[in-house]
Structure formats: structure tokens, C-alpha cells
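Take the sequence shown: its letter number 3 is residue 3 in UniProt numbering, and every next letter is one higher.
Backbone N, C-alpha and C define an ideal beta-carbon position, used for all residues, glycine too.
Just so you know, these numbers come straight off a predicted model, no measurement behind them.
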Amino acid sequence: MKTHTFSIVVGTNACNANCPFCVSKMTGPVPVSKHINWSRFTTACRIVGQARDGLVTVLLTGKGEPMLYPEQITNYL
């Protein structure tokens, strides 16, 4: 089976914006850190690497802004 989309939930609630469409405001509180767990993120990226056959999209999502660390995230992906 080919994977077309892979979601990585970036477990952080840190954000530098106040977007009116933010899903975080529409969901209940979840105890998450203000910092990305790089160990878990690395594991998720390794899984993405193994599923590359047919992979079209990698979706970064979470309660906070997943692109607060764009250089690090780009390097991992």
C-alpha cells in the first residue's frame, strides 16, 4: 500500500501569532510542551523516510505553530 500523505503532529503549543482560523482555539486543552520534542520528531521523520514510495505530502500539524523552527524542521525533512 502506498502512502500519499503523512501527518507529523508537532507536540508544542508555542506560537508567535494569533490566527483567527487556528484549530487550537477550536479544540480542548491538551498538555503539551512549549518546545518541540526533537527525539520524537526525528523518529517521525525516519518513518516518513521509510514510507517515501508514493509519498506526496508531509503535513506538519499540532496545537502550536509547527514552523517556529523552520531551519531545523527543513533539515530533518
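Check	Outcome
Could you check how far apart the C-beta atoms of S65 and N18 are, in whole angstroms? I think they sit under 8 Å.	The question names Ser, yet the displayed sequence has Glu at residue 65. The pair is not a contact, with the Cβ atoms about 11 Å apart (cut-off 8 Å).
Kindly give me the distance between the Cβ atoms of A14 and L59, rounded to whole angstroms, as I take these residues to be in contact under 8 Å.	Between L59 and A14 the Cβ distance is about 19 Å, and since that is not below 8 Å, they are no contact.
Kindly list the residues whose CB is nearer than 6 Å to the CB of W38, restricted to its own chain and excluding five residues on each side of it in sequence; keep chain order.	none
Where I36 and T43 are concerned, what is the direct C-alpha to C-alpha distance, given to the nearest angstrom?	13 Å
Assign V48 to one of three DSSP states: helix, strand, or coil.	helix
Taking the beta strand (DSSP E) that V56 belongs to, which residues open and close that run?	Note, V56: premise wrong, no beta strand (DSSP E); not H, not E.
Under the rule that 16 or more other beta-carbon atoms within 10 Å means buried, what is I73, buried or exposed?	buried
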